[in-house]
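I have placed the structure first, in the form of structure tokens, so that the comments after it can refer back to it.
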Amino acid sequence: GAVVSQHPSRVICKSGTSVKIECRSLDFQATTMFWYRQFPKQSLMLMATSNEGSKATYEQGVEKDKFLINHASLTLSTLTVTSAHPEDSSFYICSARGDLAGTGSRQETQYFGPGTRLLVL
Amino acid sequence: AQTVTQSQPEMSVQEAETVTLSCTYDTSESDYYLFWYKQPPSRQMILVIRQEAYKQQNATENRFSVNFQKAAKSFSLKISDSQLGDAAMYFCAYLVGFGNEKLTFGTGTRLTIIP
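Quick mapping for you: the protein sequence lines, in order, are chains A and B. Each residue of the first sequence is one higher than the last, beginning at 70 in my numbering. Each residue of the second sequence is one higher than the last, beginning at 10 in my numbering.
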């Protein structure tokens, strides 16, 4: 259990275009999803937290108009990088947390997707 | 603010031997969670082990165990019978469960397994 998928795994795009990354919880309902960015040889940097049906909460310094997050269902969150530029090239990882056993109790553990490598030319 | 410190940027261990990765954290909370995540070259973050702060008993998962010292704010990971597949970046993480849902990560320890 607790599988999180991410699509695409790798994307190359031209500067100025928009890219959408999907994050899905496959076998549980994710009440909360998180989006991280990871630079080479560094730890994960939280970008935003999203709860199903409500607006995402962005970390300080993260442009909400550039990184659009939608959490329309309990199993899907999307991150759209708008007007991407080379400095947006990075590894983006999502994680999900929810009720794994279907008991209605919140789990504290975050389960991570496999990540998306974005290269903006 | 909560901080998580991993003082060993790199560690290496002979295959089949035991290695301990250190982690300390700073918090004023009494109820929280601690995690060790592993990130192999594939970059998939994998949960290794989790510990609830209110539990005195150290968590174990097969070859992985922790030494949780709440008063000292220390949370080390012991890997027994190290295997080649254990080679990865290991991140210690802290979470306050209610009201603050963010994971705070340490800077990571790169573990190399020597055949």
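Quick reminder that beta carbons are idealized off the backbone N, C-alpha and C, glycines included.
Relative to the alpha-carbon of Q78 (chain B), which residue among B:L30, B:Q65, B:T121, B:S89 has its alpha-carbon at the smallest distance?
-> In terms of Cα proximity to Q78 (chain B), the closest of B:L30, B:Q65, B:T121, B:S89 is B:Q65.
Under 9 Å by beta carbon: chain B residues contacting T178 (chain A) = The contacting residues are Y42, F44, L56, R59, L104.
On the DSSP bridge assignment, give the partners of A165 (chain A) in chain order.
-> Bridge pairing for A165 (chain A): A:M102, A:Y180 [DSSP].
Helix, strand or coil: how does DSSP classify D157 (chain A) here?
-> Reduced to three states, the DSSP call for D157 (chain A) is helix.
From the DSSP output, in three-state form, read off L93 (chain B) for me.
-> Correct three-state label for L93 (chain B): helix.
With a Cβ-Cβ cutoff of 8 Å, do Q75 (chain A) and C92 (chain A) count as a contact?
-> With respect to the 8 Å criterion, Q75 (chain A) and C92 (chain A) are classified as neighbours on the basis of their beta carbons.
Whose C-alpha, out of A:E121, A:A153, A:Q111, A:G130, is nearest the C-alpha of N139 (chain A)?
-> Selected option, being the one with the closest Cα: A:E121.
Out of B:K111, B:N71, B:Q53, state which residue places its alpha-carbon closest to the alpha-carbon of Y99 (chain B).
-> For the residues B:K111, B:N71, B:Q53, the minimum Cα distance to Y99 (chain B) belongs to B:Q53.
Note down, one range per segment and in chain order, each beta strand (DSSP E) of at least 3 residues found wholly within the segment 25–107 of chain B.
-> 28–30, 33–35, 42–48, 55–61, 73–78, 83–88, 97–104, all fully within the segment 25–107 of chain B.
Could you tell me which residues DSSP puts in a beta bridge with H140 (chain A)?
-> Its beta-bridge partners do not exist; DSSP assigns none.
Which residues in the same chain as M20 (chain B) place their Cβ atom closer than 8 Å to its Cβ, once the five residues preceding and following it in sequence are excluded?
-> Hits under 8 Å: V28, L30, T118, R119, L120, T121.
Is there at least one Cβ from chain A nearer than 8 Å to T112 (chain B)'s Cβ?
-> Thr is not the amino acid found at residue 112 (chain B); the sequence shown has Leu there. Chain A contact via Cβ: present.
Check the Cβ of T2 (chain B) against every Cβ in chain A and list those closer than 9 Å, keeping chain order.
-> This structure cannot speak to residue 2 (chain B), because chain B is shown only from 10 to 124.
Going along chain B in order, which residues have a C-beta closer than 8 Å to the C-beta of G130 (chain A)?
-> Simply none; closest approach about 15 Å.
S119 (chain A) - containing beta strand (DSSP E), residue span = Unbroken beta strand (DSSP E) run through S119 (chain A): 113–120.
Starting from the Cα of A102 (chain B), find the closest Cα among B:I55, B:S91, B:P49 and give me that residue.
-> Looking from the CA of A102 (chain B), the closest CA among B:I55, B:S91, B:P49 belongs to B:I55.
Report yes if the C-beta distance between T36 (chain B) and S112 (chain A) is below 8 Å; otherwise report no.
-> In terms of Cβ geometry, T36 (chain B) and S112 (chain A) do not form a close pair [threshold 8 Å].
With a cut-off of 8 Å, does the C-beta of F181 (chain A) fall near any C-beta of chain B?
-> Judged by the 8 Å Cβ criterion, F181 (chain A) is in contact with chain B.
Closest Cβ-Cβ distance between Q53 (chain B) and chain A: below 8 Å?
-> For Q53 (chain B), the answer is yes, since a Cβ of chain A falls inside 8 Å of its Cβ.
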